[in-house]
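Trainee: Heads up: the sequence shown begins at 2 in my numbering, then just goes up one per residue. Got a structure here, written out as structure tokens. Questions coming.
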Amino acid sequence: VWKIGSRWDEYGAAGTSIKEFFMQYNIAIIGTNDRERVLRDVKKGHYIALADGYNIVAVGKVFEEPQRLSKYNLQKADLPAIFKVDEDNVGIRADFKQIEIPFQYERRGTFFEAFQIAEKVIKLYNELYNSFDIKPSKILKNIVDDQYVVPIYQRPYSWEKAQIERFINDIFANYWGEESLSIPETMFIGTMELSDGIYLGNNCINIIDGQQRITTLMLLLQVLRLRYTYRSEFQNIRLNTTVNNGSEQNLLDEFWALSLFDLKDNKTNRYINNAFLINNILTDKLIDNSPFYFDASSFEYYLYHDIKFVVINIKAGLSKTLKVFNTINTAGLDLAQGDIFKLRMFEYLGSNDEDLKKISFLYERIAEYNKKIGVNESNISEILKLYQVEIISTYNLTNILYGYDHVRFFE
Numbered sequence: 002v003w004k005i006g007s008r009w010d011e012y013g014a015a016g017t018s019i020k021e022f023f024m025q026y027n028i029a030i031i032g033t034n035d036r037e038r039v040l041r042d043v044k045k046g047h048y049i050a051l052a053d054g055y056n057i058v059a060v061g062k063v064f065e066e067p068q069r070l071s072k073y074n075l076q077k078a079d080l081p082a083i084f085k086v087d088e089d090n091v092g093i094r095a096d097f098k099q100i101e102i103p104f105q106y107e108r109r110g111t112f113f114e115a116f117q118i119a120e121k122v123i124k125l126y127n128e129l130y131n132s133f134d135i136k137p138s139k140i141l142k143n144i145v146d147d148q149y150v151v152p153i154y155q156r157p158y159s160w161e162k163a164q165i166e167r168f169i170n171d172i173f174a175n176y177w178g179e180e181s182l183s184i185p186e187t188m189f190i191g192t193m194e195l196s197d198g199i200y201l202g203n204n205c206i207n208i209i210d211g212q213q214r215i216t217t218l219m220l221l222l223q224v225l226r227l228r229y230t231y232r233s234e235f236q237n238i239r240l241n242t243t244v245n246n247g248s249e250q251n252l253l254d255e256f257w258a259l260s261l262f263d264l265k266d267n268k269t270n271r272y273i274n275n276a277f278l279i280n281n282i283l284t285d286k287l288i289d290n291s292p293f294y295f296d297a298s299s300f301e302y303y304l305y306h307d308i309k310f311v312v313i314n315i316k317a318g319l320s321k322t323l324k325v326f327n328t329i330n331t332a333g334l335d336l337a338q339g340d341i342f343k344l345r346m347f348e349y350l351g352s353n354d355e356d357l358k359k360i361s362f363l364y365e366r367i368a369e370y371n372k373k374i375g376v377n378e379s380n381i382s383e384i385l386k387l388y389q390v391e392i393i394s395t396y397n398l399t400n401i402l403y404g405y406d407h408v409r410f411f412e
């Protein structure tokens, strides 16, 4: 456990702390003669007691080996005004948790090993790590500035026609009512479960629950811009996905590259197919049924400001994260047995990155094969059922196991 001071002044003057910067960007900066020791001795998995003067105000866990500040992509505008840029300074990337009641540690120094409070710091961090926080309603605009990723163990984007039609119709019902005469009303679309990527192999915010809704909103926004070619005042929601070892990202990138005229029924790319469906719904609503002028820019503003959700931030390992997800899953689409198998295998194998990639590769192969032949000929549930029969027969197991569904069987 290392104590790190946050006051950016040679004498530790009050009012010079940049602890908010450390905690916002999950990086502690060492600007003293201790820089070489930091590079040599601080390791991934160590803990940090972050101090403001004599008060320990936050605890953290190091998730990356320390590096020179020049290695990080920190923009000058992001840095505190008091901070003088020195590329020889050292940064320690850590997951910081603010302590509700700071405690005193009366030993001066910018950086040193904190033996006396080590046990307390580790206990505090682990208590905060294994918690989750439910925040009040947020609007779509609140989240577009962050980097979001769909983690590798998730299912692909899989909403179908029924979910798309219901979701888009609900949006318009709240925007202008069934008769196109209502004043826009706020629309609540449930919860979003998020988890910091440092627990799951990346430094982004992971979408645990909410992928289907956020992705569909992203498709709707893009279709609006393609149809009306107006200059949006908002940036788009650019999701990344690591599902199926990158093949899902390829499908998403394929969608982003299309023009409005390229949107068509697509059996193997759900993003294109659903964008095509959304475009048809808009055509039906805005041309055939509405006698009023449609302001696409105003509608986009409504989407960003009047669609609300509750955010649940999970600060826990994969096992607890998945338990919370199974409890609050609000997407209107239950996890299929193949999805449950994937999650349980990830959990069983300890969430090792290489194991995740191997399991995801199996799902990727199925998706690539279906795309190649142009139809969804097979799926993971059918393959696992065949594998179940193979195992039972190969090892002469009891015949009663043939009657188990494959989730129960593999568990």
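Think of the CB as a built atom: it goes at the ideal place given N, C-alpha and C, for glycine as much as any other residue.
At which residues does the alpha helix (DSSP H) containing residue 21 begin and terminate?
Mentor: Taking the first residue of the sequence shown as 1, we reach residue 21 at position 20. Looking at the DSSP string, the run of the alpha helix (DSSP H) that includes residue 21 is 20-26.
Trainee: Do you know how far the Cα of residue 255 is from the Cα of residue 394?
Mentor: Residue 394 sits at position 393 when you count from the first residue of the sequence shown. Residue 255 sits at position 254 when you count from the first residue of the sequence shown. When rounded, the distance between both Cα atoms is 43 Å.
Trainee: At 4 residues or longer, what runs of the alpha helix (DSSP H) sit wholly inside the region 101-165?
Mentor: Within the region 101-165, the complete alpha helix (DSSP H) runs of at least 4 residues are 119-130.
Trainee: With DSSP as the reference, please indicate the residues paired to residue 301 in a beta bridge.
Mentor: Position 300 of the sequence shown holds residue 301. Answer is none; residue 301 lacks a bridge partner.
Trainee: When the distance is taken between beta carbons, is residue 127 closer than 7 Å to residue 30?
Mentor: Your numbering for residue 30 matches position 29 in the sequence shown. Your numbering for residue 127 matches position 126 in the sequence shown. Result no, Cβ atoms of residue 30 and residue 127 do not sit closer than 7 Å.
Trainee: Bridge partners of residue 295, per DSSP?
Mentor: On the sequence shown, residue 295 is found 294 positions in, with the first residue counted as 1. Paired residue(s): none; residue 295 is not in a bridge.
Trainee: Report the three-state DSSP secondary structure of residue 242 (helix, strand or coil).
Mentor: In the sequence shown, residue 242 corresponds to position 241, counting from 1. Three-state result, residue 242: strand.
Trainee: Expressed to the nearest angstrom, what Euclidean distance is found between the alpha-carbon atoms of residue 124 and residue 130?
Mentor: Locating residue 124 in the sequence shown gives position 123, where the first residue counts as 1. Locating residue 130 in the sequence shown gives position 129, where the first residue counts as 1. Approximately 10 Å between the Cα atoms of the pair.
Trainee: By Cβ distance below 8 Å, which residues in the same chain neighbour residue 304 in space, the five residues on each side in sequence not counted?
Mentor: To locate residue 304, count along the sequence shown from 1; it is residue 303. For residue 304, where only same-chain residues beyond five positions count, the Cβ hits under 8 Å are 141, 172, 218, 221 and 222.
Trainee: Alpha carbon to alpha carbon, how far is residue 88 from residue 12?
Mentor: Residue 88 sits at position 87 when you count from the first residue of the sequence shown. Residue 12 sits at position 11 when you count from the first residue of the sequence shown. Computed Cα separation, rounded: 22 Å.
Trainee: Apply the 10 Å Cβ neighbour rule to residue 257 and answer buried if 16 or more other Cβ atoms are within range, or exposed otherwise.
Mentor: For the purposes of this step, residue 257 is taken as the residue at position 256 of the sequence shown. Counting Cβ neighbours within 10 Å, residue 257 comes out exposed, since fewer than 16 surround it.
Trainee: Taking the alpha-carbon positions, what's the residue 177 to residue 230 distance?
Mentor: Here residue 177 is taken as the residue at index 176 of the sequence shown, counted from 1. Here residue 230 is taken as the residue at index 229 of the sequence shown, counted from 1. Answer to the nearest angstrom: the Cα atoms are 22 Å apart.
Trainee: Using the Cα positions of residue 274 and residue 209, report the straight-line distance between them to the nearest angstrom.
Mentor: In the sequence shown, the residue the question calls residue 274 occupies position 273. In the sequence shown, the residue the question calls residue 209 occupies position 208. Distance between the alpha carbons of residue 274 and residue 209: 23 Å.
Trainee: For the beta strand (DSSP E) containing residue 209, list its first residue and its last residue.
Mentor: Here residue 209 is taken as the residue at index 208 of the sequence shown, counted from 1. Run containing residue 209: 206-210, per the beta strand (DSSP E) assignment.
Trainee: What is the rounded straight-line gap between the Cα of residue 216 and the Cα of residue 286?
Mentor: Against the sequence shown, residue 216 aligns to sequence position 215. Against the sequence shown, residue 286 aligns to sequence position 285. Roughly 21 Å between the two C-alpha positions.
Trainee: Under 8 Å: do the region 107-117 and the region 59-76 share three or more Cβ pairs, one atom per stretch?
Mentor: Contact fails: fewer than three Cβ-Cβ distances are below 8 Å.
Trainee: Here's the rule I'm using: 16 or more other beta-carbon atoms within 10 Å means buried, otherwise exposed. How should residue 187 be labelled?
Mentor: What you label residue 187 is simply residue 186 of the sequence shown in a count that begins at 1. Its Cβ having fewer than 16 others within 10 Å, residue 187 is exposed.
Trainee: Roughly how many angstroms separate the alpha carbons of residue 333 and residue 164, rounded to a whole number?
Mentor: The residue labelled residue 333 in the question sits at position 332 within the sequence shown. The residue labelled residue 164 in the question sits at position 163 within the sequence shown. Bear in mind that the predicted position of residue 333 carries a pLDDT of just 46, short of 50, making it too unreliable to give a figure here.
Trainee: Evaluate residue 283 with the Cβ neighbour count: other Cβ atoms within 10 Å of its Cβ, from every protein chain shown; 16 or more gives buried, anything less gives exposed.
Mentor: For the purposes of this step, residue 283 is taken as residue 282 along the sequence shown, with counting starting at 1. So residue 283 counts as buried.
Trainee: Considering only their Cβ atoms, is the gap separating residue 43 from residue 93 smaller than 7 Å?
Mentor: One-based indexing of the sequence shown puts residue 93 at position 92. One-based indexing of the sequence shown puts residue 43 at position 42. Yes, the Cβ-Cβ distance between residue 93 and residue 43 is below 7 Å.
Trainee: Would you identify the three-state DSSP class for residue 46, choosing helix, strand or coil?
Mentor: On the sequence shown, position 45 is the one that residue 46 refers to. Residue 46: coil per DSSP, three-state reduction.
Trainee: Three Cβ pairs or more, each shorter than 8 Å: is that satisfied between the region 349-369 and the region 153-163?
Mentor: Touching, per the Cβ criterion.
Trainee: DSSP beta-bridge partners for residue 57?
Mentor: Within the sequence shown, residue 57 is the residue found at index 56, counting from 1. Residue 57 pairs with 52 and 104.
Trainee: Among 190, 244, 205 and 23, which residue has its Cα nearest to the Cα of residue 97?
Mentor: As a working note, residue 97 is residue 96 in the sequence shown. That would be 23, whose Cα lies nearest to the Cα of residue 97.
Trainee: Output the boundary residues of the alpha helix (DSSP H) element that contains residue 257.
Mentor: Counted from its first residue, the sequence shown places residue 257 at position 256. 248-257 is the span of the alpha helix (DSSP H), which, as asked, contains residue 257.
Trainee: For residue 189, I'd like the list of residues in its chain whose CB is within less than 6 Å of its CB, leaving aside the five on either flank, ordered along the chain.
Mentor: Here residue 189 corresponds to residue number 188 of the sequence shown, with the count starting at 1. These residues qualify, in order along the chain: 309.
Trainee: What number of angstroms, rounded off, separates the C-alpha of residue 292 from the C-alpha of residue 184?
Mentor: Against the sequence shown, residue 292 aligns to sequence position 291. Against the sequence shown, residue 184 aligns to sequence position 183. Since pLDDT at residue 292 reaches only 49, below the 50 mark, its modelled position is unreliable, and no value is offered.
Trainee: Do residue 59 and residue 115 have their CB atoms nearer than 7 Å?
Mentor: Within the sequence shown, residue 59 is the residue found at index 58, counting from 1. Within the sequence shown, residue 115 is the residue found at index 114, counting from 1. Not closer than 7 Å, so no.
Trainee: Run through DSSP, which three-state label would residue 309 get?
Mentor: For the purposes of this step, residue 309 is identified with residue 308 of the sequence shown, where counting begins at 1. Residue state, collapsed to three classes: strand.
Trainee: Can you list, in chain order, the residues of its chain with a C-beta nearer than 6 Å to that of residue 300? Leave out the 5 residues immediately preceding and following it.
Mentor: Working through the sequence shown from its first residue, we reach residue 300 at position 299. Within the same chain, residue 300 has no close Cβ partners at all.
Trainee: By Cβ distance below 6 Å, which residues in the same chain neighbour residue 1 in space, the five residues on each side in sequence not counted?
Mentor: Outside the shown range of the chain (2 to 412) lies residue 1, about which nothing can therefore be said.
Trainee: With DSSP run on the structure shown, which of helix, strand or coil describes residue 2?
Mentor: Stepping through the sequence shown from its first residue, residue 2 is reached at position 1. Coil, per DSSP.
Trainee: Helix, strand or coil, according to DSSP, for residue 194 in the structure here?
Mentor: If you number the sequence shown from 1, residue 194 lands on position 193. Reduced to three states, the DSSP call for residue 194 is strand.
Trainee: Between the alpha carbons of residue 105 and residue 57, how many angstroms are there, rounded?
Mentor: Counted from its first residue, the sequence shown places residue 105 at position 104. Counted from its first residue, the sequence shown places residue 57 at position 56. Looking at the two C-alpha atoms, the distance is approximately 6 Å.
Trainee: From what residue to what residue does the alpha helix (DSSP H) around residue 394 run?
Mentor: Counting from one through the sequence shown, the residue named residue 394 turns up at place 393. Taken as a continuous stretch (DSSP letters only), the alpha helix (DSSP H) holding residue 394 covers 381-395.
Trainee: Cα separation between residue 252 and residue 213?
Mentor: As a first step, residue 252 is located in the sequence shown; it is residue number 251 there, counting from the start. As a first step, residue 213 is located in the sequence shown; it is residue number 212 there, counting from the start. In a straight line, the C-alpha of residue 252 is about 15 Å away from that of residue 213.
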